[in-house]
Amino acid sequence: MEDCSQKYSCRTAKKTLEWINAIVTFIKPYAFLTNAHVTNFFTHKLWQSIDPDWLHCLRNEPVQNLLLIPCGIIQEHWPASLKEFVLDLKCLAFPREQAHLNKLFPGVNVVSLNSVLAQGMNFKKKHEVEVLSAVVSSIANSVGAQTIVDVGAGQGYLAQVLSFQYQHSVVAIDACSHHGTVMEKRAERIKKHYTAQMRKHYPEIGIPNVPKTITSRVMSIDMLKALTSMSPHIDNVKRPELIGQVADDKTSLILAGLHACGDLSVTMLKTFIECKDVKAVVSIGCCYNLLSEGCLDIAGSQCGFPMSYGVKSAGISLGKSSRDLACQSAERWRILKEDAGLHNFELHAFRAAFQMVLCKYYPEIITSSPSIGRQGKVLRRQQQRRILQSSINCEEGDYSGSALYSHEFSCNGGTSGNETAAANKFLLFEKFSQSGLSCLGLKSLQETHFHEIWKEAEPFAVWSL
């Protein structure tokens, strides 16, 4: 097999465009799948468009092998066309191997946050802020930036570390006024700590820098350019109409963002290109499914996807379902245990089969895109409690017939295990459907045949992957 790392790359614009066009060519024939919601696979019987050899092969495949498919791992006994499909996908996917920080940014020293700065952060957030603040500070020093603008600052974790620990001048922008209030109160608490430390050990040094906060929705490139042009020495700004206050002296800036959501990351990149005062951009984007697409330029705002002329020229359109699908983590599926994988498949199948119930018996409600909330997760928690209790009963020798919900076999084993599991799955689906109807304010009709619908959907549960 050809080495994927050699086949596609972003080393030049030409090679990048070749990669883009290869992706577009590959996914276009499967648009009927990528553009479909997982429930549509069942309600529209999309399995009828899948290669029958693939269906037959994967239907009998162990769950653990199915969970490896998104990572591009194949099995030798699969049909040649299926193996080629998965391997092509693996080659076309952007590599997700973790980079070595010191190789990318030689000399960057990641400093552990003290308890004052880390207050309120979970372990994941603390790790992200420690690493990103070190990188942003290093880049700011290397380009001689006078100010760092934290875009989508949230509660100000990144901004405050850059300000108090690395002594940078920081402006924090967030659309949520509550975040701005929390950010200011948190900054004042941290300021008191650092002021006391400085007076004790470095009395000649003045009061530490505190990030300036701006509460405003960043709706366009022009708005972000105006916000970033504001002097970091002005008072905190809470009214969007004040964004016209532009400093007389131009300053060099860095745009930084930790989890800059959806189009916000796009706006940062476009501002970097168009605004000469912005010397660098360091952005960890998120919520790619919220990128705008296929819209016209409105009030100076542009669509988030696609950004490049190359992708635009390729004529690709993703759509909401494809963007949601793109947010799935292959690695997350890979590390799931068999039980957890089966639970995920079944709950997707329950929701899809419930949609089939609505289509058949309550067609008038389908047009309103009904939502039943987290019924699946509630059901799963109840299911896990029953499994745990049944396991305890087994250990205590209690064979009273307590059912193991989901795919588990009965305590005493035997040939009836599969039949019991199948019956329990149907009972779970019926319970899920009754709960869903109740959430929608609908009464169960006497002629509703849950068993027939589940019998049709259940064989394809694993295809929710």
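The numbers in our numbering rise by one with no breaks, and the one at position 357 of the sequence shown is 337. Backbone N, C-alpha and C define an ideal beta-carbon position, used for all residues, glycine too. Here the structure is a predicted model, which means the values were calculated and not measured.
Specify the secondary structure class of residue i as computed by DSSP and reduced to three states.
i           : result
residue -14 : helix
residue 309 : coil
residue 16  : coil
residue 37  : helix
residue 434 : helix
residue 239 : strand
residue 413 : helix
residue 117 : helix
residue 134 : coil
residue 30  : coil
residue 351 : coil
residue 149 : strand
residue 70  : helix
residue 332 : helix
residue 424 : coil
residue 96  : coil
residue 77  : coil
residue 48  : coil
residue 4   : helix
residue 65  : helix
Between residue i and residue j, how many whole angstroms is the CB-CB distance? I'm expecting something under 8 angstroms.
i           : j           : result
residue 10  : residue 72  : About 12 angstroms; that fails the 8 angstroms criterion.
residue 35  : residue 442 : So it is not a contact: roughly 10 angstroms between Cβ atoms.
residue 98  : residue 106 : 5 angstroms
residue 236 : residue 262 : 5 angstroms
residue 51  : residue 311 : 7 angstroms
residue 267 : residue 242 : 5 angstroms
residue 12  : residue 68  : Their Cβ separation, rounded to whole angstroms, is 18 angstroms, which puts residue 12 and residue 68 out of contact at 8 angstroms.
Confirm, please, whether the CB-CB distance from residue j to residue i is below 8 angstroms.
i           : j           : result
residue 271 : residue 285 : yes
residue 88  : residue 118 : yes
residue 140 : residue 167 : yes
residue 154 : residue 124 : no
residue 342 : residue 422 : yes
residue 96  : residue 110 : no
residue 120 : residue 301 : no
residue 142 : residue 116 : yes
residue 306 : residue 19  : no
residue 131 : residue 248 : yes
residue 233 : residue 259 : yes
Residue i: buried (16+ other C-beta within 10 angstroms of its C-beta) or exposed?
i           : result
residue 408 : buried
residue 179 : exposed
residue 137 : buried
residue 4   : exposed
residue 351 : exposed
residue 128 : buried
residue 23  : buried
residue 38  : buried
residue 0   : buried
residue 388 : In this predicted model, residue 388 has a pLDDT of only 40, less than 50, meaning its place in the structure is not dependable enough to derive any value.
For residue i, list the residues DSSP reports as bridge partners.
i           : result
residue 233 : 127, 258
residue 195 : 154
residue 87  : None, per the DSSP bridge assignment.
residue 263 : 237
residue 285 : 273
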